Amino acid sequence: MTAPTTAFLPTLVRRERASLLAALIAPPVALAVATALNLALYVLMGRDPVAVVHAMLLEPFLSWASFSEVLLKAGPLLLIAQGLAIGFRAKVFNIGAEGQFILGAIFASSIPVWFPQATGQWIWPLMLLLGAIGGALWASITAFWRVRLNASEILVSLMLSLVATQLLNYLLLGPWKDPAGFNFPQSVMFQYDAMVPMLFAGTRVNVSLILTIVLSLAAWVFMQKSFTGYKLQVGGLAPRAAGYAGFSEGRAIWLSLLIGGFAAGLAGAAEVAGPLGQLQRSISTGYGYAAIIVAYLGGLHPLGIIASAMVMAVLYIGGDNAMVSANLPIAAVRVFQGSLLLAYLVAVAFVRYRLEWPRAAHRSPS
Amino acid sequence: MTAPLLSLRGISKSYGEVRANQGVDLDVAPRSIHAILGENGAGKSTLMKLIYGVEQPDDGTVAWQGEILSLASPAEARRKGIGMVFQHFSLFETLTVVENIQLVVQGRKADLIDRVKALGRDFGLEVDPLADVHALSVGERQRVEIIRCLMTDPKLLILDEPTSVLPPQSVGKLFETLRRLRDGGVSILFISHKLDEIRAICDRATILRAGRVTGNVDPREHDAHDLARMMIGRDMPEPMPALPRSGGEKQLEIVGLDYRPDDPFAVPLSNISLTVRAGEILGIAGISGNGQSELSALISGETRLPREATDRIFMMGQDVGTFGAAARRRLGFAFVPEDRLGRGAVPEMSLVLNSLLTAHPLGLKRHGLVDRAKAAAFTKDCIRQYDVRTPGPEAEAGALSGGNLQKFIVGREIMLAPRLLFVAQPTWGVDIGAASAIRRRLVALRNEGMAILVISEELEELFELCDFIQVLYHGTLSDPLVTRDTRPEEIGRYMIGAHSAAAKALA
Numbered sequence: 001m002t003a004p005t006t007a008f009l010p011t012l013v014r015r016e017r018a019s020l021l022a023a024l025i026a027p028p029v030a031l032a033v034a035t036a037l038n039l040a041l042y043v044l045m046g047r048d049p050v051a052v053v054h055a056m057l058l059e060p061f062l063s064w065a066s067f068s069e070v071l072l073k074a075g076p077l078l079l080i081a082q083g084l085a086i087g088f089r090a091k092v093f094n095i096g097a098e099g100q101f102i103l104g105a106i107f108a109s110s111i112p113v114w115f116p117q118a119t120g121q122w123i124w125p126l127m128l129l130l131g132a133i134g135g136a137l138w139a140s141i142t143a144f145w146r147v148r149l150n151a152s153e154i155l156v157s158l159m160l161s162l163v164a165t166q167l168l169n170y171l172l173l174g175p176w177k178d179p180a181g182f183n184f185p186q187s188v189m190f191q192y193d194a195m196v197p198m199l200f201a202g203t204r205v206n207v208s209l210i211l212t213i214v215l216s217l218a219a220w221v222f223m224q225k226s227f228t229g230y231k232l233q234v235g236g237l238a239p240r241a242a243g244y245a246g247f248s249e250g251r252a253i254w255l256s257l258l259i260g261g262f263a264a265g266l267a268g269a270a271e272v273a274g275p276l277g278q279l280q281r282s283i284s285t286g287y288g289y290a291a292i293i294v295a296y297l298g299g300l301h302p303l304g305i306i307a308s309a310m311v312m313a314v315l316y317i318g319g320d321n322a323m324v325s326a327n328l329p330i331a332a333v334r335v336f337q338g339s340l341l342l343a344y345l346v347a348v349a350f351v352r353y354r355l356e357w358p359r360a361a362h363r364s365p366s
Numbered sequence: 367m368t369a370p371l372l373s374l375r376g377i378s379k380s381y382g383e384v385r386a387n388q389g390v391d392l393d394v395a396p397r398s399i400h401a402i403l404g405e406n407g408a409g410k411s412t413l414m415k416l417i418y419g420v421e422q423p424d425d426g427t428v429a430w431q432g433e434i435l436s437l438a439s440p441a442e443a444r445r446k447g448i449g450m451v452f453q454h455f456s457l458f459e460t461l462t463v464v465e466n467i468q469l470v471v472q473g474r475k476a477d478l479i480d481r482v483k484a485l486g487r488d489f490g491l492e493v494d495p496l497a498d499v500h501a502l503s504v505g506e507r508q509r510v511e512i513i514r515c516l517m518t519d520p521k522l523l524i525l526d527e528p529t530s531v532l533p534p535q536s537v538g539k540l541f542e543t544l545r546r547l548r549d550g551g552v553s554i555l556f557i558s559h560k561l562d563e564i565r566a567i568c569d570r571a572t573i574l575r576a577g578r579v580t581g582n583v584d585p586r587e588h589d590a591h592d593l594a595r596m597m598i599g600r601d602m603p604e605p606m607p608a609l610p611r612s613g614g615e616k617q618l619e620i621v622g623l624d625y626r627p628d629d630p631f632a633v634p635l636s637n638i639s640l641t642v643r644a645g646e647i648l649g650i651a652g653i654s655g656n657g658q659s660e661l662s663a664l665i666s667g668e669t670r671l672p673r674e675a676t677d678r679i680f681m682m683g684q685d686v687g688t689f690g691a692a693a694r695r696r697l698g699f700a701f702v703p704e705d706r707l708g709r710g711a712v713p714e715m716s717l718v719l720n721s722l723l724t725a726h727p728l729g730l731k732r733h734g735l736v737d738r739a740k741a742a743a744f745t746k747d748c749i750r751q752y753d754v755r756t757p758g759p760e761a762e763a764g765a766l767s768g769g770n771l772q773k774f775i776v777g778r779e780i781m782l783a784p785r786l787l788f789v790a791q792p793t794w795g796v797d798i799g800a801a802s803a804i805r806r807r808l809v810a811l812r813n814e815g816m817a818i819l820v821i822s823e824e825l826e827e828l829f830e831l832c833d834f835i836q837v838l839y840h841g842t843l844s845d846p847l848v849t850r851d852t853r854p855e856e857i858g859r860y861m862i863g864a865h866s867a868a869a870k871a872l873a
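If you read the protein sequences in the order shown, they are chains E and Z.
Note that our numbering has the first sequence beginning at 1, numbered continuously upward.
Note that our numbering has the second sequence beginning at 367, numbered continuously upward.
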């Protein structure tokens, strides 16, 4: 058209093929940019940047005790993100992992709440299984409406998370409230056999971390090697090609959401049967949402997600440290997470696009 | 020769390792219709993009009316007096003709309407300026594109395969327009790979092969055979004559199919009937947009009929109306769609993974896991047998040229050894050598007893291939015509709806 030529601004040009280099460096670059931005913000707020960096990014690694907390945090993030990433690759956007996580916690808690006297090593595995089923059931509501009425899975799953929170509140304020709990909205403390066994003595890291890593590897096999995973990816990359080949879209949506719900529910169960030991209102500190960032930051690749879950867990633990030692507000961690996702989304654009600076314009005779 | 209007010297352009143009020289004289002839992938489109300022050459100079030129954008090219009509139109369907023109050309609406009418009169480009574009035929849309270019008073007009979308009757009219434009002082760069057309209208032809100029001739002094040899660097193989045969089993039968799509811009189909037997090729002629994509999605199973509509589509003797695409494939159906990228292939995936798309039942998976080695072997086989030019089986499908990807998809579907093969636009964008190879393969498969259905816009192709031809026009299908007893003009009349009940019907 006759728009004036923007002679000094570069334009985005689509690359001939995706750049592997850009794909690999996008996450670290995003992390660096987000860190720089947030440090600048802390300086503006009048905090000491050296103290913040120390508290946030170094302290988590400086002792086994604090590093074990990082591992503890990474567990649920990793598990949820692996499940979500499978759906995201199929372009099924399950934003409601938070709700599925809560339902998983509720389902798992049903055993110790209803059978507080039960003993035996079967209890905690059954709780984990029930939790996974609960998460999957909650996600299946979204899948049903998406397939049946073409309702946006983003909205349905997101709003169901709010419903899940209210369900949790109802249980904790009503039928499941610990009678001896001074009216606090929490369940009874779980019996010993309802707790996942510890992995390392003296820490809170438990066996669910091993389960998480095994499931991560399973996710890798599923997405990179299995035909079903391939079909999901085709549906995500080129829906019309999936239709052409006869891969059912409805089945892909069901599968994506059930896997995401299963993983999130399992994470919720592991949380109540692990570090918490009871059902509380604050069982999730936004794991379901943070896992979305983890999934994308890991390039939706099962192995990348292992790394990004660690990064995010460091931010959580480091953020807690910084709140105490550098006097950062509680919102700082959320702002960091948000800017990290934003920086990543910008960086990842360069996987398929490159900047082209106007060079011909200088040579133009007119 | 007079001083050239446009003069290229030593133009080179590479995309990664692909050298699309190498040292191209080209002179376009004033008042000339100049053909750029070449196979697909010969570098024609790249060269035009360089002239029109869409891309900049790596090397070489462009001189315009004797002055060295460096174009940064198409807008600049238009200001200099270079216009281009692309193969794929860039019109907004929901706007009127004059509104589309207003997007590019400044001026009051009433003035523009007058100018559209005046240009229409002067150059035989009649079109109603106030008509909505979605209501126009392809020929009319092309006229709108040409008018829009002419509005900016170009000295040079680039037409990218303008006849590929037109019915035979409209081609003559387009040529008349082009001659009048030339006489009015406009030079035309005419990109094509149809030799007869070039000999009919062009006074100069530059032939490209693999990015280099291989000839610079007056096409009227050479026969089509000569030109073809310069273009493909070898003699054209003779098409394999189809042996008439019939009486095979009905592999596809459609009986009185009516279809009303949800999309208001899609074409409804009414009372479609056709039969394809084993050992037979049926061709569906017609200009795109007359219901081809709706019909092909119904046959492939990508669109399913409502449950109550039974007994309409039969494959291998079974009612498949409610079968999905996968179920129909399991019956022995294979399909090459008209869109390659995003439908026939996933652009971001390697050829190996694209093989898997439809060839997975050929043992390319084991225990639910992808058998990489077998898939790679299949892909290599397909690449070799169908002469797919690619760095290798791990290349992304999106990185292949249109013609090579088409060869890959056609090859993949044939290797499925289907009982019923459905090919939409078998040779769109495929170079002449490969196109005739694909056609010969289709005829050979027919002789081995495969039932084949072909949808094509190219009449010559249908005449070369098919035992019977039916014409799709406005969502209705003509009765089958026996190809041997039918002249192209007759089909052409059906294609523009001029043929009424006086059809040469087959009993």
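Here a beta-carbon is modelled for each residue, glycine too, at the ideal position from N, C-alpha and C.
Computed from a predicted structure; not experimentally measured.
- Rounded to the nearest angstrom, the Cβ distance from E/ARG281 to E/LEU160 is 18 Å, too far for a contact under 8 Å.
- Distance check between E/LEU217 and each of E/LEU303, E/ASN150, E/VAL147 places E/LEU303 closest, using alpha-carbon atoms only.
- Around the Cβ of Z/ASP526, a 10 Å sphere holds 16 or more other Cβ atoms; the residue is buried.
- At a cut-off of 9 Å between C-beta atoms, E/LYS91 does not count as an interface residue with respect to chain Z.
- With its beta carbon at least 9 Å from every one in chain E, Z/GLU492 lies outside the interface.
- Under a 10 Å Cβ-count criterion, E/THR212 is classified as buried, with 16 or more other Cβ atoms of the shown protein chains found around its own Cβ.
- Rounded to the nearest whole angstrom, the C-alpha separation of Z/SER636 and Z/ARG487 is 37 Å.
- Contact check between the segment 105-125 of chain E and the segment 269-285 of chain E: three or more CB pairs, one atom from each, fall below 8 Å, which counts as touching.
- Taking E/LEU128 as reference, the option from E/HIS301, E/TYR289, E/ALA273 with the minimal CA-CA separation is E/ALA273.
- Here the segment 246-260 of chain E makes contact with the segment 138-148 of chain E; the two share three or more CB pairs at distances below 8 Å.
- Straight-line spacing of the CA atoms in Z/ARG670 and Z/VAL493 works out to 38 Å.
- A Cβ-Cβ contact shorter than 9 Å links E/GLY260 with E/ALA97.
- For Z/ILE479, the closest alpha carbon among the candidates Z/ALA497, Z/LEU664, Z/PHE489 is that of Z/ALA497.
- Comparing alpha-carbon positions, the option among E/LYS231, E/ALA269, E/VAL346 lying closest to E/LYS91 turns out to be E/LYS231.
- Here the C-alpha atom of Z/ARG548 lies approximately 52 Å from the C-alpha atom of Z/PHE744.
- Excluding the 5 residues flanking it on each side, E/LEU342 has no same chain C-beta neighbour closer than 6 Å.
- Distance from the Cα of Z/LEU461 is smallest, within the candidate group Z/LEU502, Z/MET781, Z/PRO627, for Z/LEU502.
- In the same chain as E/LEU158, and ignoring 5 residues on each side of it, the C-beta atoms closer than 7 Å to its own belong to ILE95, GLY96, in chain order.
- With distances taken between CA atoms, Z/VAL428 lies nearest to Z/ASP393 out of Z/HIS454, Z/ASP393, Z/ARG709.
- Following the DSSP letters along the chain, one finds E/TRP145 in no beta strand (DSSP E) but inside the alpha helix (DSSP H) bounded by residues 123-149.
- Assignment of beta-bridge partners to E/THR11 by DSSP yields E/GLU356.
- In this structure Z/ARG643 touches Z/GLY614 by the C-beta definition: roughly 4 Å separates them, less than 8 Å.
- Per the coordinates, the alpha-carbon of Z/PHE689 lies some 7 Å from the alpha-carbon of Z/GLY667.
- Look at Z/LEU648 here: in three-state DSSP terms it is strand.
- Considering only beta carbons, the part of the segment 714-736 of chain Z lying closer than 8 Å to chain E consists of GLU714, MET715, LEU719, LEU722, LEU723, THR724, HIS726, LYS731, GLY734, LEU735, VAL736, in chain order.
- With respect to chain Z, the C-beta atom of E/TYR230 has a partner C-beta closer than 9 Å.
- In terms of Cβ geometry, Z/ILE448 and Z/LEU522 form a close pair [threshold 9 Å].
- Counting only Cβ-Cβ distances below 8 Å, E/ALA241 has contacts in chain Z at GLY708, ARG709, GLY710, ALA711, VAL712, LEU723, in chain order.
- Secondary structure note for Z/TRP430: its beta strand (DSSP E) is the uninterrupted segment 425-430.
- Within the same chain, MET681, MET682 come within 6 Å of Z/LEU697 by CB-CB distance, once the 5 residues on both sides are set aside.
- For Z/ASP424 and Z/HIS454, the gap between their C-alpha atoms comes out near 26 Å.
- Taking each of Z/LYS746, Z/LEU819, Z/ALA369 in turn and checking the Cα distance to Z/MET781, the smallest one comes out for Z/LYS746.
- As a beta-bridge residue in DSSP terms, Z/GLU762 pairs with Z/SER716.
- A Cβ of chain E is located within less than 9 Å of the beta carbon of Z/ALA693.
- Residue contact with chain Z for E/ALA201: absent (no Cβ-Cβ distance below 9 Å to any residue of chain Z).
- For the 9 Å CB-CB criterion, Z/LEU516 and Z/LEU561 do not form a contact.
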